[in-house]
Each structure stands twice: as structure tokens, then as C-alpha cells.
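What follows is a short report on a single structure.
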Amino acid sequence: MDRVKRTSIAAALLLGMAMLVDALVSAQGPVGPAAPPDIAAEWRLDTNERDLTSQAPLGDYTGIPFNEAGRLRSDTTPESIWGTPEYQCRPHSAPHQWRGLGGARILKEQDPLTRDVNVYHIQFMRSLDRPVFMDGRPHPPAYAPHSWTGFSTGEWIGNTLKITTTHLKDGYLRRGGPQTSDMYAMTEFITRHDDILTIVTVIDDPLYQDQPYIHSTTYTFDPTFRLNTEICNGPAVAENGGTDRHFVPHFLPGTNEEARNEWITAGGLIAGAARANVEAQDWVPLVAARGGVKTLYPEYRTTLNGGVSADALQVPTMRSSISAAKMIAAQSPRDGQVHVLPVQGSVYMLVVDGTNITASVGLDGVALVNAGSVQMSDKLLAAVDQLVKATVTPAAPNACIGANCPGAWGWSSPYMNAVISSPPPTRPIRYIINTSAAPDHTGGNPSLVAAGTGLRGAQLGGAVGNVEGAPVIAHENVLARMSAPAGKEAPTPQAAWPTVTYFDEFLKLPAYFNGDPVIVYHAPQANTDGDSIVFFRRSDVIAAGDLFSTVSYPVIDLAKGGSVNGVIRGLNNIIDLAFAEYRSQGGTWIVPSHGRLSDTADVASYRNMVVMIRDRVQDLIDRGMTLPQVKAARPSLDFDGRYGNTTGEWTTDMFIEAVYRSLQDKK
Amino acid sequence: MRPVVLLATVFLLVWPAAAQAQPAGRGGPPLAAREAAAVDLTGYWVSVIVEDWKWRMVTPKKGVYEGVPLNAEGRKVGDSWDPARDEAAGQQCKAYGAANIMRLPGRLHIVWNDANTLKIETDTGTQTRLFRFGSAPPAGQPSLQGNSVATWLPAPGRGRAGAGPRPGGSMKVVTTGLTPGYVRKNGAPHSGSAVVTEYYDVNTLPNGDQWLTITTKVEDPQYFVRHYLTTSDFLKLPNAAGWAPTPCSAR
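Protein chains in written order, with our numbering: chain A, 1 to 667; chain B, 1001 to 1251.
Structure (C-alpha cells):
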């Protein structure tokens, strides 16, 4: 090719490229900024919408799409619940955090190599640090713990940061009472316009709301703003003066006079010196004060002259994007599989076809709290074996070369052997502890016992060598329920029976196990007469057995010695043993028999529920109601969506009947 | 290949794209606002009153100014509120001006009035707001809805002409030239000096619904001690169902 031709070709290509670039540039639509605006800064709450930032009067549910359950829960839950020891350090609930006074700080954590933002951290005065993961990680499984701030992931959609938050504890929408369940999810849209930050918050609670509750708020950029922190360091100040640490303040349905007096009675006078300067708000109709979907839309104004009732209104509809039933079921997946969740220290939670087994795993071997069903034994054994291999005896890459490696005996290095040899054997099952005689806790005993090897003295007193088969520990009433007097047919095979029983308030294992002092506590007359809880004291984990479930009301078997007050005593015992890490969450982990891993506040919430229902049923009994009348009164209405069932082995009806009969027995 | 042929080939390959883009291209006329939209606001929207319900859905008593940053002069004017007087003076629409109309319960119908003017009609009070893109309109007489100048705030990156708005863009509107009015129906006043700055954001909710949030800042050196900052929220509707034009009410 001659020089002229090459030059011509090059010129033609250059011209073509220039025209192509020009065409592409010309075909552009609007050109935006290179990146979304930075939101990491100090922000001052700056909104003139007062009813969400100020303390709303009790009973003020205006603008909230409450259903009947949401109203009942809110009417019966007083603010003094904050005075209970388990809630005294509770931060603002997630829906209210952007509304709490004190401003917000947004920090960003970036990848040191790419400088991509991996995590935003949002902080408020009365909150925990709230990470928002931007790195694409998935949300945890449903059986993972919930927290006050939940688990958040974020993604940029244009100039807006969309945050999706799950795994939230039950809390409140606003200060002053409107409650949430723990089944809500929260979506936030954060957009920065100049120096204004607009936050749209979608709270989707299918149990207490007829449609998502969506509010928006604004902050303004203020580099001089100082975000204070409120560290909870005061003792609980219970409204009963501290005479009963287990006291659960609540109102019986229809008796919350504070709410009525403050807000919703005719005249609507604001009571209390603290609110003496607030204007009377008697222009608000009673029905609107109770909230509800039909009060949110412009159509509601047609009711103000009395011509139309709110019930008759046709208003736009918004559906929830959450199925509470699916979310609850996912906390306890009946999928025929074993799921492993690391808990703390040497303790793991195994979700075995919907039933939780607590496992202590370490060099001492394996201790299992409960054995699962007989059908799941093989998969459980395989999962335990895999867990031990992964955590206690993992195949590790060589970490040292040469004669001076720690533990090396000259040039015959064990590290060489580590590379070329097979891994050591796994550690055996040393203990099985049954928290009750329920088949889903004891069915797997025979297989697990056979697969295990007891420690010398594991029979708690037997000064012998290692024994074949792992011992099964339980309260003596469990053995009584599973066996039968001589000559009679036992309800379960002998291979499943406990081999070590106790009859005192508690039993200590003879020695530390995997570094843990392990204590088995009896819970008398609870679900049955043989329930236990197991405390791994150093790992700080409690296996709660059937006393605690996050997917159902407690199963109270009156025929086997159970009682509602015994369940409450057992839950209080768990609460007394447990210790929150900070701001009423974390710390001691509690493994329920079914459902998600929990902490002290979760158990307190469950205890509160049982107490509230017990007291409501007692009130109905005191008023002379029969069992059918008590059931018809629906004393558990606000909790039925969360813990109730209309079908299955343990229905709401059965629970109410058990509470009713239990209270009649006065156990 | 001969250079001329090569040149022609390259030209033919590239020209169609260039020709297609010419109307919006560099050196050509700028994209009209409608084509350059950073967010699609058109359609019917209904307000959802979840915040400040007791001061928006119903008219509070005279003198209830919670949340409104009135100064002493503003309070004095507010305290003299007399709806009967407003009605007699034909001024029952004073709470329906640009500074407050989006706070009132009602529906919006948003359409393009022309290629560079977005029109918002409200059924409550039967009002019309016009948002003009590009150069500011000539200052006319002050009015209830004033003069509104709009700009797009596109999402990051470059869009393609004709491809529609990319998610995550917004609209900013600045309104001046207002007649004195109310920021709350009970007579909490703003003066004719008020400037209203609004940001319009549309987000897609987890359930698929479209949600419009309008962030409104009202600055009034005469009656306010500082700016008055609020947000108002709307749900997008599939059609005009429920559209019910009603006249202004002073009460």
C-alpha cells in the first residue's frame, strides 16, 4: 500500500469516527451529573410537619392506615412499657428515627481499592449505628435475628438512594403509641436537592395496616451541626416503683382512659401540665382520630358534613407487598432440610425442618439441645458432622515452612503431613439435652445416641471410661412422660428415653463443655411439667425449648401439667438470665423451639403478649363469661395474625381454651 | 479499495445515525422540555394525607399555627382571619395558591400544555398551575399561582433522545409573583413577597405503585422567621376516577 493510499484510509476512518461520535453525542437526551449527589454529611431535621416530630397526644392515630388489630394493640400498649427493664434502653423504632429530634449523620465506608461506597452508616441521636450495605449482599434468612434498626441494603436509582430494610423488631410508628408488629418491612427513598434531603419512608406492616403507611420528611445540610448521642445508662424506672421487675404495663381493651381523655373524647382537651400549651384539637372527628384507610384520601372530606359515613366511602387502594403468613413460615421452614446459623461463642442454631436445635460445637465434641424428629435424624447427623469438620477440624492450608515452625519436630514437619494427610476425625456427640418430651425434640434421640460417645463421667456420677452412646439429659418428668411403669406399654421406645434425669431447680453439667458452663433449668408447670431451658453461660446463649416460639402461641398442654402462668414464669426466668448488649438488643441470644434467633427484647415482647392475653382472659372470666363467650370476645385479636392459627396442631382456639382452663385451675 | 470509495462507504454507514439525531443535536435547536423530561409526572394523582392530618384534611381553629414559622406580624395577620370577610371579598381561594395548594386534599391532573409548559390542574379549588421551562416568563401581575419556572434535574449519566426519562430524575420549580395568601386554611398567611421552591420526585414503591413526593420550601421575609419546609405525597391513579372539581372554600 503506498503512502498516499494509507493516508487516505486513515483520513476516512478518522472522519467516520468523528461523525459517529458526533452522532452519538447529538443523540443524547438530557445530561445528568456524573454521579448522584453526596449524601454523606451532617444533617439537621428541618420540617414544619409537626404532628410527627412532636409528641402526639395518646390515641392520635390520624393519618395512619390502621386496621382493627393495629388500633387494639396501640390502645392497650401504654408508653410506660418503656419503663420495663427490657425496653428501658430501646432506641426509637425505625419508622420514627427520621422523625426523632437530634439530626442525622451519614457516613460512608468505601472500598480501599476501588473507592466504591460499600456501606453507608446512618446515625441518629437515639439510635444504634445503622449500616446500609451497598455491596449487593443478600438479606439474611428469615430465621436470623431482628433488631431495632433492621438489616438494610441500598441501591442508587438515579439521584435517589433506595434503602430496603427487613428484620425489624416490633416498635412504634410515632411517639405516643401507634404500634407496629415485627413483620413490617421498610423502604426509604432518599434524595438530595441542593441542601435539602428528602426522605420518603414506606412502612409496610400487613398485620396492623390496611395499606402501607408512607411519610416523608426533610433535613437540611448543616456542617456545623453536632450529632449528640444518648447513651442509656439509667436504671429502669418501672411505673410500679420497681416492686415487680416482671410487671407488664398494659390496658385492658376499652379501658385506656388516658387516650380518651387526651384526645378522642368530645372536647379533646389536652391533659397534663407538659402539654398545657397545646391547643385543644376538638375540630377533629372521632372516627378520624382512630385512623384507617378511608380517612387518608380526599373523599373523606365528603363525610365532614355528616351526609356520608366513612364506611361507605370508595377510596383508592394500595396493596401490601408482604405476606405475613409466608414471612412467619419462613422463620421456621418446614422444608425437610437443615439450616445452620452461627450464634455466638461455640454455639450454633440448627433449623431442622422447622424445629430448632441448639448445638455446642468444639474440641470437646458436640452437645445438642433436642434431637429433632425421627425423620430428620440422618440429615441432622450429616449436618452436625459437616459443621464439626468446618469449624473444629477444618482442612487448613500450610501456614509455616521450616524447622522452626511451632510444633514442628525438626525437619519431619507436621505441616507436610497436614498437606498430604487426610483430616482428623470429627468430634463425637457427647450430650443430648431434651427440653421436653415433645416428639419433635425427642424423636431423633435413638439415632443421635447411637452416633455419640459419652464422656467419662458423662452419666453424671459414673466414674467409668468413655461410654457407648451419648447420654440424654432431661427433667425426670420427661422420662415419666416417655416411659411407663413396668408391665405397661410405653408411649415411646426405650432407646429414646432420657438416661440422665434431674429433679431439682437446675442441673449443671459436670465440667465446662467447649469452654461453656452449661446449666439446665427446670421450668415448672409451663408448657408441660417437664420443660427445661439450657444456658450456655460463656457463649451467652439460652436454648428456650417450647417456652418460646416466634411462630406460634405457646403450646400449653394442661393434661401434661402445663399452665399459662408457668409459661410466663419460665419466660421471666429467661429474661432474668439474659443480658442485653447495648440499647436493649443483642447480648444473650435465645434460641426458640421454633422461629428466628432472638434476644432479650424479643422474649420480653413475647412475654408481654402472653401476659396481656392472660389478663384479658382473666378479666373476661371475672365478668362471668363462659369459654365460648371468651373466644367470641377475641381477646387475642391483635396478636392472632402474628402467632395464631386456624388450622394445624395448635390453633388460636386451643390456646385461648388452654389459658381459660389454666386460669380456672389457678396454677 | 480506492480512498474515495472508502470515504463514501464510511459516510454512508455513519450518516443515518447522524441524520436521525440532528433535531436534537449540537448546533440544532435544544431539546424541548417534554422530550428532555427527567421524570414523567403526567397523569392523575391523589393526595394521601398521612401527615399533619388535623391541619390539612380539616380546617383547624383560628390561631392554630403549630409548625408554621410565623413572626409577630404574621401572627397578627393570621389572628385577623375571617372567612366570611374573604367570601364577601371574593377571596375564598386564598388558601389555594401555589404556596399551599399541594397540601390540600385533592387530585392532580398533570399534562403537557405545550412542549415547554407543564400544566397541573387540581380538582380541589379547580386551580391551574403552569410550569414553564427555559427562559422565565415576563413578570406579569401577581396572581394566586404566580409565575413558575421549572428545570429538570436529570439522573446521573446521559440519556438518549426519545428514550423517555431515566429513573431517578426530578423537577425543580421556583414560583414568584404571588398574591398574598394562606399556607393553612385557617388563615396562616404568606405575603406577596413569598417565594416557593418545589422539588418533584417520583418513586416506585415495592408494590409497584408510583408515588409522587413534592418537597416545598416557602420563604417569606415579611411573615416568616425562617423558611417553611414541608412534603406532600401523592399516589398515581390509573384514570380520572374520583376526579371531582370543587370550588374554593374559605372555611
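Using N, Cα and C, we set each Cβ at its ideal position, and we do this for glycine too.
- Glycine 365 of chain A and isoleucine 429 of chain A do touch by the CB rule: their CB atoms are close to 7 Å apart, below 8 Å.
- The continuous beta strand (DSSP E) containing phenylalanine 548 of chain A extends over residues 541 to 549.
- Within the same chain, Ser346, Ser360, Gly362, Asp364 come within 6 Å of asparagine 514 of chain A by CB-CB distance, once the 5 residues on both sides are set aside.
- In the structure shown, the three-state DSSP call for methionine 376 of chain A is helix.
- The three-state secondary structure of valine 284 of chain A, taken from DSSP, is coil.
- Aspartate 1114 of chain B and proline 1137 of chain B have their C-alpha atoms roughly 14 Å apart.
- When the five nearest sequence neighbours on each side are left out, the beta carbons in the same chain lying within less than 8 Å of the beta carbon of aspartate 665 of chain A are those of Leu558, Ser563, in order along the chain.
- At a cut-off of 7 Å between beta carbons, threonine 1213 of chain B contacts chain A.
- Contact check for valine 567 of chain A against proline 554 of chain A passes: the beta carbons are separated by less than 7 Å.
- DSSP places proline 592 of chain A outside any alpha helix (DSSP H); the residue lies instead in the beta strand (DSSP E), whose first and last residues are 589 to 594.
- The continuous alpha helix (DSSP H) containing proline 439 of chain A extends over residues 439 to 442.
- Phenylalanine 513 of chain A is bridged by DSSP to A:Asp516.
- Along the segment 37 to 50 of chain A, going in chain order, the ones with a CB nearer than 8 Å to a CB of chain B are Asp46, Thr47, Asn48, Glu49, Arg50.
- Straight-line spacing of the CA atoms in serine 1148 of chain B and valine 1195 of chain B works out to 10 Å.
- Distance from the CA atom of leucine 227 of chain A to the CA atom of alanine 104 of chain A, rounded to whole angstroms, is 7 Å.
- Between the alpha carbons of arginine 99 of chain A and aspartate 531 of chain A lies a gap of roughly 44 Å.
- Close CB contacts of leucine 509 of chain A within its chain, under the 6 Å cut and outside five residues either way in sequence, are with Val518 (chain order).
- Those residues of the segment 1059 to 1087 of chain B placed with their C-beta closer than 8 Å to a C-beta in chain A are Thr1059, Pro1060, Lys1061, Gly1063, Val1064, Glu1066, Gly1067, Val1068, Pro1069, ordered along the chain.
- Leucine 173 of chain A sits in coil when the DSSP states are folded into three classes, being neither helix nor strand.
- Contact of tryptophan 1045 of chain B with chain A by beta-carbon distance below 9 Å is absent, the smallest such distance being about 10 Å.
- CA-CA distance, arginine 1129 of chain B to threonine 165 of chain A, rounds to 37 Å.
- Straight-line measurement puts the Cα of glutamine 209 of chain A at about 19 Å from the Cα of arginine 634 of chain A.
- At a Cβ-Cβ threshold of 7 Å, asparagine 48 of chain A and leucine 1229 of chain B count as neighbours.
- Proximity of chain A to asparagine 1203 of chain B at the Cβ level (cut-off 7 Å) is accounted for by Thr160, Phe189, Val200, in chain order.
- Membership of tryptophan 1053 of chain B in any beta strand (DSSP E) is not indicated; the residue belongs instead to the alpha helix (DSSP H) covering 1053 to 1056.
- For the C-beta of valine 31 of chain A, the chain B residues within less than 7 Å are, from N- to C-terminus, Pro1154, Arg1158.
- In the DSSP assignment, methionine 482 of chain A falls outside any beta strand (DSSP E) and lies within the alpha helix (DSSP H) extending over 476 to 482.
- In the three-state scheme derived from DSSP, where H, G and I count as helix and E and B as strand, glycine 566 of chain A is classed as helix.
- Chain A places no beta carbon closer than 7 Å to that of glycine 1181 of chain B, leaving this residue out of the contacts.
- In the structure shown, the three-state DSSP call for alanine 185 of chain A is strand.
- Taking 7 Å as the threshold, the shortest C-beta distance from lysine 1094 of chain B to chain A does not fall below it.
- With distances taken between CA atoms, valine 1111 of chain B lies nearest to B:Arg1132 out of B:Tyr1182, B:Arg1132, B:Gln1092.
- According to DSSP, asparagine 645 of chain A shares a beta bridge with no other residue.
- Within chain A, the residues Ile214, Leu296, Tyr297 have their CB atoms less than 8 Å from the CB of valine 1048 of chain B, given in chain order.
- The three-state secondary structure of tyrosine 300 of chain A, taken from DSSP, is helix.
- As the crow flies, the alpha-carbon of leucine 455 of chain A is around 53 Å from that of leucine 252 of chain A.
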